[in-house]
Each structure stands twice: as structure tokens, then as C-alpha cells.
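Q:
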Amino acid sequence: MKQSELDRERLVKQLKNRGYISSQMLEKAMLSIPREKFIPENLKSFAYLDNPLEIGEGQTISAPSMIAIMCEALNLKPKLKVLEVGAGSGYHAALVARMVGDEGQVYSIERIARLADFARKNLEKVGIKNVTVVEGDGSLGLLQHAPFDRFYVTCAAPKVPSHLVEQLVDGGRGLVPVGKYLSELTLVIKKRGKVVQKNLGGCVFVPLIGMDGFGE
Ligand code: SAM
């Protein structure tokens, strides 16, 4: 077994012991996606530490524990159609793509062209085919592919972007870190036309830039 595979197994075990991974689906997905392939060359040796890492353009790939919390909170299932805001390296989208399976689909919107390209190349390297990365302002959602069963935002917004809630199916769920610097991870549940929000706890994310965001 390669050192990177051993390190990945150790990290997954650690995340399970700490309660971040609770489903077999997420455990399998995390074991199958090599995080080092989503990280710039000079930082690859840190790939299996539970830390966010720089990916260029002032952006980061989130810590594995944060990504695990988000994947579990979304209650992902095979065949779902999911919208991600903030592709970054593409790693989080790769995990979600594995969890929704070949009959599911992930659309990911990234506002920085160079990162959209980085994410596409990384996803291709690991053989993920059910993620479509689109360049644009994710706070507007992606009307041409709506409605979505799930959405999640990987950057902090001042409030839950209304377009994303509108583009969610009835019975769907979304996740948004709300608030600048120290944000609250907010779960949105849409049921029979009503929208309920639950605070899942504190988190730290780079800001969402754009119409429903904090501005440049
Ligand atoms: N999910 C990513 C990963 O696995 O590497 C990490 C994403 S990073 C924490 C947040 C990303 O959100 C950045 O790439 C940033 O450019 C992007 N972003 C910020 N505002 C955005 C917006 N309005 N629309 C789309 N992407 C946005």
C-alpha cells in the first residue's frame, strides 16, 4: 500500500472516532478520493492533516472534518441532483459525486476562472464524471438546471441566498455558512412550501463574493 493510502486510512479513522463521519457512504467516498490530487504540489505532504490548505487566488480547500460535517448534514442519497457554490479544488464536489452515485449529478459554480479550471482538471484526474463545473456567481443559483434536491455553499454569506432556496425542491435541504469571519453553519429545510432554518454550530469560511454576498 502507498504511503498516501495509509495516511488517508488513518485520517478517515480519526474522523470516524471523532464523530465527523457517521455514514458508511461518506467513509467509502473519503477512502476512495485521493485528497492529494486536489492540492498544489508544494502542499501535497499536508494532504492528510485535518486542516484547510491554500489552493491559490486567496482561496482554500476546507478541512476534511468540515467537509465531513457538511456531507453528513445534507443527508445525501444515490440519484440526487446537488448544487455546490464554490468549487475551489473540486475535492468536496468529488466526495458528494461519489455519494450520489453515477445516477446522481453535481453542478458546481465557481466565480474564479482559474479555480474552475483547476477543479475540472482535478476531477478528471480522479475519474469523476458526474460533476459539471460552471463559472459564475453561485449566489444566483443555476436556474437552467434547477430544481435541486440539495445545495451547499462553501463560502460565508451574510444571509441564506434567496435564489438557492427558490431553486430547491420541496423536501430538499441546503447548507450555508452565514456571517462573516465566524459564521454559523445553517441548515435549510424546505417542506410543504415552508422554509425552516437550523443552526448547526460555528465555522470559518472565506467570504461569498457577489450579488447575495459581501462584495469584492
Ligand atoms: N469546496 C472547495 C474545495 O473542496 O476545495 C473549497 C471552496 S473554498 C472554501 C470557497 C470557494 O468559493 C472559492 O473557490 C471561491 O472562489 C468561491 N466563491 C466565492 N464567492 C463565490 C460566488 N459568489 N460564486 C461562486 N463561487 C464563489
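For the sequence shown, the numbering used here begins at 195 and goes up steadily by one.
In this text, a Cβ means the ideal position worked out from N, Cα and C, and glycines have one as well.
Quick caveat, the model's predicted, so the values are computed rather than measured.
Assign Ser-283 to one of two classes, buried (16 or more other C-beta atoms within 10 Å of its C-beta) or exposed (fewer than that).
A: buried
Q: Using only CA atoms, which one of Val-359, Gly-295, Ala-287, Ile-255 lies nearest to Lys-273?
A: Gly-295
Q: Taking DSSP as the reference, what is the three-state secondary structure of Tyr-346?
A: strand
Q: Are three or more beta carbon pairs between the segment 400–407 and the segment 323–339 nearer than 8 Å?
A: yes
Q: How would you call Lys-275, buried or exposed, if buried means at least 16 neighbouring beta carbons within 10 angstroms?
A: buried
Q: Let me check understanding here. Comparing Cα to Cα, which of Glu-248, Glu-278, Leu-247 lies closest to Ala-340?
A: Glu-278
Q: With a CB to CB cut of under 7 Å and the five nearest residues on each side skipped, what residues in its chain are close to Glu-230?
A: Around Glu-230: Ser-198, Lys-238, Ala-241.
Q: Nearest by alpha-carbon distance to Asn-236: which of Gln-299, Lys-271, Ile-227, Leu-247 is it?
A: Residue Leu-247 holds the alpha-carbon nearest to the alpha-carbon of Asn-236 among Gln-299, Lys-271, Ile-227, Leu-247.
Q: Out of curiosity, what's the CA-to-CA distance linking Gly-387 and Asp-364?
A: 7 Å
Q: Which residue comes first and which comes last in the alpha helix (DSSP H) that contains Ser-198?
A: 197–211
Q: Could you tell me whether the Cβ atoms of Arg-344 and Gly-373 are closer together than 8 Å?
A: no
Q: Leaving aside the five residues before and after Gly-252 along the sequence, list all residues of the same chain whose C-beta is less than 8 Å from its C-beta, in chain order.
A: Val-400
Q: Just reading off the alpha helix (DSSP H) that Pro-258 is part of, what are its end residues?
A: 258–267
Q: Sorry if obvious, but does the Cβ on Gly-368 come closer than 7 Å to a heavy atom of the ligand SAM?
A: no
Q: With DSSP run on the structure shown, which of helix, strand or coil describes Tyr-285?
A: helix
Q: Assign Gln-338 to one of three DSSP states: helix, strand, or coil.
A: helix
Q: Apart from the five residues on each side of it in sequence, which residues of its chain come closer than 8 Å, Cβ to Cβ, to Gly-409?
A: Ile-403
Q: Pull up the distance between the alpha-carbon of Asn-269 and that of Phe-232, whole angstroms please.
A: A direct Cα-Cα distance of roughly 24 Å separates Asn-269 from Phe-232.
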